[in-house]
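When we follow the working numbering, the leftmost residue of the sequence shown carries the number 653, and every step to the right adds one.
Since the structure comes first, as structure tokens, the remarks are kept for the end.
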Amino acid sequence: MNADTWNEVDEYIVDLLIEQDDALKAALQRSEREGLPSHSVSASQGKLLQLLARLHSARNILEIGTLGGYSTIWLARSLPKDGHLVTLEANPKHAEVAQSNIADAGLADVVDVKVGAALETLPLVLAEKREPFDLVFIDANKEDNAEYFEWALKLCRPGALIIVDNVIRDGAVLDANSTDPRVQGVRRLNERLAVERSVSVTEIQTVGSKGYDGFAFILVEPDKNSGLSSDA
Ligand code: SAH
Ligand code: DHB
Ligand code: MG
């Protein structure tokens with residue numbers, strides 16, 4: 653079995669089971685046309701994010717790493733009428749493409765794109781004193797993953813779900829001596845997660861059109877201060 657098979661199976665799943673409307677397809681097309689890197693989640697992953705947000709009845713979502721807004725659209729469409737999504741993007745070009753894609757998807761009033769390095773815009777989100785987030789999707793530069801996790805804890809409610817993309821990277825996560833700062837960023841996050849008593853975590857390896865990678869799923873325990881986690 654190889655990457656071609658993973659790709660073909662992903663195509664099979666998407667063709668049969670995953671409806672991508674014109675707005676989602678156009679978002680990918682515009683992103684490609686504008687020269688953005690093809691780092692969006694896959695269609696089946698976008699649908700997974702949407703299903704999890706629905707299962708969680710999320711009303712307020714935070715996304716770190718917007719790119720062209722593809723995952724943003726999947727997530728924002730899970731929201732009820734009074735829901736909101738804040739998404740943070742460092743690259744002004746990416747943010748501009750995302751704004752267009754989000755507007756074309758009819759989500760301009762639901763989604764707030766903040767431009768700037770997330771470690772600089774997260775304090776602004778805090779200062780806005782919004783309702784705490786129910787779901788956080790971390791998918792920006794991997795070097796700062798551990799810091800993004802701290803911010804997610806600060807900004808979300810007890811019982812919130814935090815999802816982190818790209819935690820496996822072809823298995824590179826195993827290499828403690830990796831000189832790749834992205835790998836070290838993921839490892840630092842994992843070491844932080846391992847000692848954080850207020851969360852319950854798993855990571856799932858994935859294959860598909862995005863190659864071999866994985867997600868972290870982190871439940872912020874409903875009683876943050878209990879020091880108990882359900883698997884303790
Ligand atoms: N979530 C998107 C993909 C994001 S790709 C999707 O699935 O559709 C990662 C994005 O993070 C890129 O657009 C990159 O410009 C952005 N990024 C990189 N460093 C960042 C930082 N310090 N703060 C915010 N965004 C950053
Ligand atoms: C990269 C970033 C991502 O968020 C992703 O899903 C795939 C690749 C990257 O920076 O290479
Ligand atoms: Mg990613």
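Glycine included, each C-beta is placed from N, C-alpha and C at the ideal position.
C-alpha distance - residue i paired with residue j, whole-angstrom precision
| i | j | result |
| --- | --- | --- |
| His746 | Glu848 | 33 Å |
| Trp803 | Val777 | 10 Å |
| Val853 | Ile815 | 10 Å |
| Leu880 | Ser850 | Residue placement at Leu880 cannot be trusted, given a pLDDT of 49 that sits under 50; the coordinates are not used to answer. |
| Asp761 | Ala868 | 29 Å |
| Glu686 | Glu748 | 10 Å |
| Glu663 | Ala824 | 26 Å |
| Leu703 | Gly866 | 17 Å |
| Leu707 | Asp791 | 21 Å |
| Val765 | Leu740 | 6 Å |
| Gly698 | Leu805 | 23 Å |
| Gly860 | Thr657 | 8 Å |
| Gly720 | Ile754 | 9 Å |
| Glu772 | Met653 | 43 Å |
| Val872 | Phe801 | 11 Å |
| Lys862 | Ala757 | 24 Å |
| Arg821 | Asp832 | 11 Å |
| Ala885 | Glu684 | Coverage of the chain is limited to positions 653 through 884, which leaves residue 885 absent and any answer about it impossible. |
| Val767 | Glu855 | 29 Å |
| Glu780 | Asp827 | 40 Å |
| Asp673 | Gln681 | 13 Å |
| Lys733 | Glu715 | 19 Å |
Under the three-state DSSP convention, the category residue i falls into
| i | result |
| --- | --- |
| Val762 | coil |
| Asp786 | strand |
| Ile716 | strand |
| Ser709 | coil |
| Ala812 | strand |
| Leu740 | strand |
| Thr831 | coil |
| Ser690 | coil |
| Lys852 | Inspection of the sequence shows that residue 852 is occupied by Ser rather than by Lys. DSSP places Ser852 in strand when its eight states are reduced to three. |
| Arg729 | coil |
| Asp734 | coil |
| Gly721 | coil |
| Ile670 | coil |
| Glu843 | helix |
| Lys794 | helix |
| Asn753 | helix |
| Glu780 | coil |
| Asn659 | helix |
Beta-bridge partners of residue i, as assigned by DSSP
| i | result |
| --- | --- |
| Val859 | Tyr864 |
| Asp817 | Phe867 |
| Val872 | Val851 |
| Val767 | Glu741 |
Chain-order list of residues whose beta-carbon lies under 6 Å from that of residue i (same chain, five-residue window excluded)
| i | result |
| --- | --- |
| Ala798 | Arg840, Leu841 and Arg844 |
| Trp726 | Gly698, Leu701 and Gln702 |
Contacting residues, own chain, Cβ-Cβ under 7 Å from residue i (five flanking each side not counted)
| i | result |
| --- | --- |
| Arg729 | Gln702 |
| Lys794 | Asn818, Arg834, Gly837 and Val838 |
| Val763 | Thr724, Ala728, Leu737, Thr739 and Ile754 |
| Ser694 | Asp662, Gly860, Ser861 and Lys862 |
8 Å Cβ shell around residue i - same chain, five flanking residues per side excluded
| i | result |
| --- | --- |
| Val661 | Gly860 |
| Leu731 | Ala705, Ala710, Arg711, Ile713, Leu737 and Val762 |
ask   = If we count Cβ pairs, one from each stretch, closer than 8 Å, do we get three or more for the segment 805 to 820 versus the segment 769 to 786?
value = yes
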